[in-house]
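Trainee:
Residue numbers (my numbering), protein chains in the order written: chain A, 25 to 385; chain B, 7 to 103.
1. Which residues does DSSP list as the beta-bridge partners of residue 133 of chain A?
2. If we cut at 8 Å on Cβ distances, does residue 49 of chain B have a partner in chain A?
3. Given a cut-off of 8 Å, decide if residue 300 of chain A and residue 245 of chain A are closer than it, judged by their beta-carbon atoms.
4. Consider the Cβ of residue 63 of chain B: report whether some Cβ of chain A lies at a distance smaller than 8 Å.
5. Between the region 25-43 of chain B and chain A, which residues of the former have CB atoms less than 9 Å from a CB of the latter, in chain order?
6. Would you be able to state if there are at least three C-beta pairs under 8 Å between the region 178-191 of chain A and the region 83-97 of chain A?
7. Counting along the chain, where does the beta strand (DSSP E) carrying residue 379 of chain A start and finish?
8. Mapping DSSP to helix, strand and coil, what is residue 82 of chain B?
9. Compare the C-beta of residue 367 of chain A with all C-beta atoms of chain B and state if any pair is closer than 8 Å.
10. Let me check understanding here. Comparing Cα to Cα, which of B/50, B/28 and B/73 lies closest to residue 16 of chain B?
11. Determine the closest residue to residue 112 of chain A out of A/322, A/321, A/254 and A/296, with distance taken between C-alpha atoms.
12. Between residue 32 of chain B and residue 38 of chain B, what straight-line distance do the alpha-carbon atoms span, to the nearest angstrom?
13. I'd like the span of the beta strand (DSSP E) that includes residue 194 of chain A, first residue to last.
14. Can you tell me the Cα-Cα spacing of residue 337 of chain A and residue 247 of chain A, whole angstroms?
15. What residues are listed by DSSP as bridge partners for residue 203 of chain A?
16. So, for residue 82 of chain B: in the same chain, excluding its five sequence neighbours on each side, which residues have a beta-carbon less than 7 Å away from its beta-carbon?
17. Could you work out which residues of chain B lie near residue 231 of chain A, taking near to mean beta carbons separated by less than 7 Å?
18. For residue 12 of chain B, decide whether its Cβ has a neighbour in chain A, counting only Cβ atoms nearer than 8 Å.
19. Kindly give me the distance between the Cβ atoms of residue 75 of chain A and residue 278 of chain A, rounded to whole angstroms, as I take these residues to be in contact under 8 Å.
20. Cutting at 8 Å between CB atoms, please list the residues of its own chain near residue 85 of chain B, excluding the five before and the five after it.
21. Quick one: Cα of residue 21 of chain B to Cα of residue 64 of chain B, how far?
22. Under a Cβ-count criterion, where at least 16 other Cβ atoms within 10 Å of its own Cβ denotes burial, should residue 165 of chain A be classed as buried or exposed?
23. Tell me the residue span of the alpha helix (DSSP H) that contains residue 248 of chain A.
24. Below 7 Å on C-beta distance, what does residue 33 of chain A contact in chain B?
25. With a Cβ-Cβ cutoff of 8 Å, do residue 53 of chain B and residue 147 of chain A count as a contact?
26. Measure the CB-CB distance between residue 207 of chain A and residue 105 of chain A and report whether it falls below 8 Å.
27. Based on Cα-Cα distance, which residue from A/56, A/251 and A/72 lies nearest to residue 42 of chain A?
28. Can the beta-carbon of residue 198 of chain A be found closer than 8 Å to that of residue 319 of chain A?
29. In the DSSP assignment, the alpha helix (DSSP H) including residue 35 of chain B goes from what residue to what residue?
30. Helix or strand or just coil, what does DSSP make of residue 8 of chain B?
31. DSSP on residue 162 of chain A, reduced to helix/strand/coil?
32. Using a Cβ cut-off of 7 Å, pull out every chain A residue sitting near residue 23 of chain B, in sequence order please.
33. Taking DSSP as the reference, what is the three-state secondary structure of residue 52 of chain B?
34. Can you tell me which of A/308, A/268, A/298 and A/282 puts its alpha carbon nearest to the alpha carbon of residue 228 of chain A?
35. Classify residue 78 of chain A as helix, strand or coil using the three-state DSSP reduction.
36. Is residue 72 of chain A helix, strand or coil when you go by DSSP?
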């Protein structure tokens with residue numbers, strides 16, 4: 025019996041409270057932008073002494089029911105494209121399997137440090153490109169909102185929507201047109217591969233739906249929750265078969281993040297589209313800095329550069345983790361401010377409607 | 007008022023269910039850990055547990071925010087703004103050649 029449970033750490037109250045809080049903030053961001061949270065939860069769990077693979081597996085186990093709750097909530101607001109989510113979710117599942125194999129191969133060849141370096145470099149590259157693009161686009165969308173223009177779709181999306189490959193065309197309500205599934209499959213696959221690598225497939229899934237397929241930002245972030253559900257459930261089952269899922273850890277994070285994910289989802293109904301993009305871009309770029317700081321540490325450990333002193337490593341690790349928490353808290357703050365501003369404006373309006381003689385349909 | 011009372015009852019119901027589930031999980035911690043560490047078809051245990059917990063807790067958090075008055079933006083707001091200026095077209099006499 026002792027041998028069976030050796031993978032799982034003992035929990036004390038401090039650990040439980042810490043996981044609950046990180047789950048809450050992670051969930052808030054997740055409900056709002058359709059991704060995020062996992063990138064701080066996995067290292068957060070590892071810092072408590074949870075083995076890396078158990079952290080990833082338990083994280084996945086908390087994510088899929090959370091994604092389901094978020095997706096149902098946002099489906100009620102009419103933001104979810106279930107068909108697109110399922111089509112991309114199935115191909116994402118294949119991506120997760122390949123991504124996991126790559127992870128295993130790197131771990132076998134270069135050990136834990138090699139896999140940490142791989143994860144960090146992937147974070148920096150993906151977040152650098154996608155984060156900058158999202159933020160620049162958010163500024164453009166903001167200008168359009170000022171001039172009362174509709175959200176424009178990109179040239180790539182226009183081209184993708186114009187290609188007609190007989191036998192593969194499927195109508196997606198988020199796009200309002202037919203698109204060949206041959207375009208959605210590689211996007212889903214890449215999302216799954218990234219999810220298996222850095223635990224946040226949404227960093228690729230959401231922007232790809234927005235910029236390559238041409239879906240609105242609000243619908244993309246909501247549809248990503250369907251992809252996360254499909255991916256997460258398959259991944260959890262696979263990891264649980266190999267005894268890596270610690271349901272206690274998963275359920276504590278879930279306890280916090282379900283409060284957050286609902287609040288985040290409600291928040292999306294009060295903000296303009298560009299706000300979601302700004303939050304997403306800001307978080308991406310702050311996390312990039314956080315992961316980037318760790319690269320010299322791993323390079324030193326692998327012997328590629330002169331190893332850093334223990335004191336420097338400790339400082340870099342602490343700063344990196346603190347920056348990651350700041351990223352989540354910044355996102356949470358932006359969301360809360362937007363939500364409460366929207367709520368008070370709505371209440372004022374409802375009051376005016378209630379007191380005026382005008383009847384509303 | 008009746009709606010508020012209904013929400014409160016639902017909040018309390020799902021609150022009790024959620025609390026019972028979490029208490030059950032941690033009181034029976036050794037069994038839970040063993041079930042998780044069995045692998046194979048026992049993989050269904052964490053998956054099903056996650057579903058049950060998310061259903062109860064998801065409902066609880068939903069009613070929790072509703073009770074606090076934090077709800078999604080109502081569609082009526084959009085209707086009022088839509089109703090006013092858009093449908094009132096300016097009528098002008100037009101020259102016909």
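Heads up, the beta-carbon is just placed ideally off N, CA and C, and yes, glycines get one too.
Mentor: Short version:
1. Under DSSP, residue 133 of chain A forms no beta bridge with any residue.
2. Chain A, which has a Cβ nearer than 8 Å to the Cβ of residue 49 of chain B, makes this yes.
3. Cβ distance < 8 Å, so residue 245 of chain A and residue 300 of chain A count as in contact.
4. Cβ-Cβ to chain A under 8 Å: yes for residue 63 of chain B.
5. Only 27, 28, 31, 32, 35, 36, 38, 39, 40, 41, 42 and 43 from the region 25-43 of chain B bring a Cβ to less than 9 Å from some Cβ of chain A.
6. Counting Cβ pairs under 8 Å, fewer than three are found: no touch.
7. Boundaries around residue 379 of chain A are those of the alpha helix (DSSP H), 334-379, since no beta strand (DSSP E) includes it.
8. With a pLDDT of only 47 at residue 82 of chain B, under 50, the local geometry of the prediction cannot be trusted, and no value is derived from it.
9. Closer than 8 Å to the CB of residue 367 of chain A there is at least one CB belonging to chain B.
10. The candidate whose alpha carbon is nearest that of residue 16 of chain B is B/73.
11. When only C-alpha atoms are compared, the closest one is A/254.
12. If you draw a straight line from the Cα of residue 32 of chain B to the Cα of residue 38 of chain B, it comes to about 8 Å.
13. First-last of the beta strand (DSSP E) with residue 194 of chain A: 193-196.
14. Between residue 337 of chain A and residue 247 of chain A, the C-alpha separation is close to 39 Å.
15. A/194.
16. Because residue 82 of chain B carries a pLDDT of 47, less than 50, the predicted location of this residue cannot be relied on, and the following value inherits that uncertainty. For residue 82 of chain B, where only same-chain residues beyond five positions count, there are no Cβ hits under 7 Å.
17. By Cβ distance, chain B contributes nothing, its closest Cβ being about 25 Å from residue 231 of chain A, past 7 Å.
18. Output row for residue 12 of chain B: interface = no.
19. Residue 75 of chain A to residue 278 of chain A, Cβ: 20 Å. No contact.
20. Bear in mind that the predicted position of residue 85 of chain B carries a pLDDT of just 41, short of 50, making it unreliable; the figure below should be weighed with that in mind. Exclusion of the five residues before and after residue 85 of chain B leaves no residue of its chain whose Cβ lies closer than 8 Å to its Cβ.
21. Each residue's alpha carbon lies about 10 Å from the other.
22. Buried: at least 16 other Cβ atoms inside 10 Å.
23. Counted as a single uninterrupted DSSP element, the alpha helix (DSSP H) harbouring residue 248 of chain A occupies residues 241-265.
24. Per Cβ cutoff of 7 Å: no residues; residue 33 of chain A is ~10 Å from chain B at best.
25. Pairing residue 53 of chain B with residue 147 of chain A gives a Cβ-Cβ distance that is not under 8 Å.
26. Between residue 207 of chain A and residue 105 of chain A, the C-beta spacing is not below 8 Å.
27. Minimum Cα distance to residue 42 of chain A is reached at A/72.
28. Contact flag unset, no.
29. It spans 35-42 - the alpha helix (DSSP H) in which residue 35 of chain B sits, taken as one unbroken run.
30. Three-state DSSP puts residue 8 of chain B in a helix.
31. Residue 162 of chain A sits in a helix when the DSSP states are folded into three classes.
32. Those do not exist, as residue 23 of chain B stays about 13 Å from chain A at its closest Cβ, beyond 7 Å.
33. Correct three-state label for residue 52 of chain B: helix.
34. Checked all of A/308, A/268, A/298 and A/282; the closest Cα to residue 228 of chain A is A/308.
35. Assigned with DSSP and collapsed to three states, residue 78 of chain A falls in helix.
36. In the structure shown, residue 72 of chain A falls within a coil segment according to DSSP collapsed to helix, strand and coil.
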